[in-house]
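Working notes, beginning with the structure itself.
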Amino acid sequence: MSSLFLALFFVAIIVLIVGLISPKLVMRWGAEEKRTRGRAALIYGIAIVVLFVAFGITSNHEPHQSAASPSQTTTTNPSPEASKSATVPTPAAAPAAATPTTSAPAPVAQETPQPSWHEVITFQGSSIKNTQTFHIQSDNWRINWSTWPGDYGNMNFAIMVYNSDGSPAGIGVAANVIGQGSDISYMRGSGDYYLAIDTAQPYKIVIEEQH
51 MSSLFLALFF
61 VAIIVLIVGL
71 ISPKLVMRWG
81 AEEKRTRGRA
91 ALIYGIAIVV
101 LFVAFGITSN
111 HEPHQSAASP
121 SQTTTTNPSP
131 EASKSATVPT
141 PAAAPAAATP
151 TTSAPAPVAQ
161 ETPQPSWHEV
171 ITFQGSSIKN
181 TQTFHIQSDN
191 WRINWSTWPG
201 DYGNMNFAIM
211 VYNSDGSPAG
221 IGVAANVIGQ
231 GSDISYMRGS
241 GDYYLAIDTA
251 QPYKIVIEEQ
261 H
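Numbering (the working numbering), first residue to last: 51 to 261.
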């Protein structure tokens, strides 16, 4: 059953991407003016979340635990005969003369600096827009976003990521919520990108790269 949900999950992702490009191909119902990218992203985005949750529920991952057997120790009591045996004292040897030695100083370990996140660009607004193209130098970067209801109440908020040539980057969808929300979407690969933001409520998006 989990394989079925997984297959439907990937099919829903493909249909979502097609819907973002041409929503009329995946929405055969309703009035033609309602077949928009935002509506397609909402419907199939919810389907993706439901299928992902169903896949996680039906998957059965049981960790294997190995019990370590306690070690056994044995003690040996000395025999009475051994304890009664007499010992002959031997003369103590003269202490050897101490030879002075010099030791080299231990090398000082140098700490390797850990990579950290650095801001590339920030986007803020409250309407549909395509951002300017930004350049990522690192192979690891992320989209730190937050959104909240505005004058129109709870509205849909979606972020699509594109390469500079207009092709989707990765699965293409970095965020898809209704009303208030915040999260971090991690991306891979350096290059030039831009965001397509579909919303009617306020938002803040910070692009960061790791180096």
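From the three backbone atoms N, C-alpha and C, an ideal C-beta is built for every residue, glycine too.
Small disclaimer: the values here were computed from a predicted structure and weren't measured.
- About 5 Å separates the beta carbon of D242 from that of H185, a gap short enough to meet the 8 Å contact definition.
- With distances taken between CA atoms, G88 lies nearest to A246 out of Q164, A246 and A156.
- Note on L101: 16 or more other CB atoms within 10 angstroms of its CB, so buried under the neighbour-count rule.
- Counting only the Cα atoms, Q164 lies some 37 Å from Q251.
- Here the alpha carbon of S196 sits roughly 18 Å from the alpha carbon of L92.
- With a cut-off of 8 Å on Cβ pairs, the stretch 63–70 is not in contact with the stretch 188–204, counting fewer than three such pairs.
- Look at V170 here: in three-state DSSP terms it is strand.
- Annotation for T108: the continuous alpha helix (DSSP H) segment containing it runs R87 to T108.
- With contacts defined as CB atoms closer than 8 Å, Y236 and Y212 fail to qualify as a contacting pair.
- Rounded to the nearest angstrom, the gap between the Cα atoms of R192 and S153 is 50 Å.
- Secondary structure of I209 (DSSP, three-state): strand.
- For S214, no beta strand (DSSP E) segment is defined, and its DSSP state is neither H nor E.
- If you ignore the 5 residues before and after E258, its C-beta comes within less than 7 Å of the C-beta of W167, H168, E169, V170, W191, R192 and N194, all in its own chain and listed in chain order.
- With respect to I255, I209 sits close: the two C-beta atoms are nearer than 8 Å.
- Residue pairing by DSSP places H185 opposite D242 in a beta bridge.
- According to the DSSP assignment, V256 belongs to the beta strand (DSSP E) that extends over Y253 to Q260.
- Beta bridge pairing from DSSP links G222 with no other residue.
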